[in-house]
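For what it's worth, my numbering labels the leading residue of the sequence shown as 81, then goes sequentially.
Each residue gets a CB set at the ideal place from its N, CA and C atoms; glycine is no exception.
Input: a single structure, listed below in structure tokens.
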Amino acid sequence: MSKKNVKIGHTAITWKNEDIADAVKYLAELGFCGIEAFGSLIEKMAEDGTAELARELNLPIISAYCSLDIVNPDAWNESREKIERWSEVLSSVGCKTVVLGGNSVLRRSFNFHLHKDHIIKTINEAGRLFTEKGLLCCFHPHTGTPVEAEEEIRLAVEAFDEKYVAFAPDIGQIQKGGSDALQIVKDYYPLIRHMHFKDYVGGITEYDACGQEIDITGYLGYTPLGRGVVDLSGVLAYLEEKDFSGYVMVELDGKQYGKAEYTLCDVHQSVLENKRYLESLGYEFKGSRF
């Protein structure tokens, strides 16, 4: 089996925010090459010493997931303040990549086309501000947000100002949103600088009488790597073929976000299972004790 070159990190979302120190310690022990966390959480990490702990354990803070209201024009001033604040703290901890997403919307009544021009304008302007602060801004379509379905993804990505905005697909989210994840990766590969690597159980998302998603896995329909329907090996093989230089951040939404009364496995088991799957494809992990 040929040597693998894609850099593999892991996001912190699998843990509750208050357990971020455990996330840092465990991901370092497993040998992942870095961590991603919410921008607001990285602010707390910088204040309470967890960012320094990550540095000591050789687990760089690679990226920050930062969501903004990209629909409401009246929210821009607040968004601009967040961008200024996040940019300062991310630079202070050595984080160089912003994964930009939109805030949640009521998808069943949301009309993307009514808001398309403002969504694209906001993404590009946010990208410009982050870029001017020395950060790489990668837009991230996300289920339950203004950019989820295939048409929305394509319209948004094709309208990026490429001087300021790159693409950070989440292959599990894209699959759940009804698209072929591998095809999206191939179609827009020149814009991809970062990726969330996630598996999805498959099937049609169902909703209860209140309009809430019926969660069948305890992780919003997502699963540890290798249990779902996403062509994970195909995506990685394509990235290896293209000599992808960005980071692939493994992700499994934490059970605190799910609605089911059970989960497939606990946090450590889930993350270890993610690692074992990647090892089965030939990926190695630095200094791992597991």
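- Beta-bridge partners assigned by DSSP to Met329: Gly89, His276.
- For a cut-off of 8 Å, the C-beta gap from Cys217 to Thr211 is around 6 Å, short enough to register as a contact.
- In terms of CA proximity to His220, Ile150 leads the group Phe112, Cys175, Ile150.
- Shown here, Val169 sits in a helix according to DSSP, grouped into three states.
- DSSP, reduced to helix, strand and coil, places Ala289 outside both helices and strands of the structure shown, so it counts as coil.
- Nearest Cα to Ile294 within the set Glu127, Pro304, Val281, Asp154: Val281.
- Shortest Cα-Cα distance from Glu123 to any of Glu98, Cys113, Tyr106 involves Glu98.
- Counted as a single uninterrupted DSSP element, the stretch harbouring Ser184 is not any alpha helix (DSSP H), since DSSP gives it neither H nor E.
- According to the DSSP assignment, Ser313 belongs to the alpha helix (DSSP H) that extends over 312–321.
- For Phe219, the enclosing beta strand (DSSP E) starts and ends at 216–219.
- Taking C-beta separations shorter than 6 Å and ignoring five residues to either side along the sequence, the partners of Gly207 in its chain run Cys217, Tyr244, Val245, following chain order.
- The distance from the Cβ of Leu300 to that of Asp333 is about 5 Å, consistent with a contact at the 8 Å cut-off.
- Check the Cα spacing between Val185 and each of Ala92, Asn152, Thr130: the tightest is with Asn152.
- Exclusion of the five residues before and after Val315 leaves Ile251, Ala261, Leu262, Val265 as the residues of its chain whose Cβ lies within less than 7 Å of its Cβ.
- Only exposed fits Tyr287, as fewer than 16 other CB atoms lie within 10 angstroms of its CB.
- In terms of Cα proximity to Asn85, the closest of Leu319, Tyr357, Ile203, Glu353 is Leu319.
- Using a Cβ distance threshold of 8 Å, Asp267 and Pro304 do not count as a contacting pair.
- Shown here, Tyr145 sits in a strand according to DSSP, grouped into three states.
- In chain order, Gly181, Gly182, Asn183 place their CB closer than 7 Å to the CB of Ser147, counting only its own chain and leaving out the 5 sequence neighbours on each side.
- In this structure, DSSP gives Asp260 a state outside helix and strand, which the three-state scheme calls coil.
- Distances from the alpha-carbon of Glu228 to those of Arg187, Ile142, Thr130 put Arg187 closest.
- With a contact defined as Cβ atoms closer than 8 Å, Glu232 and His276 miss out at about 17 Å.
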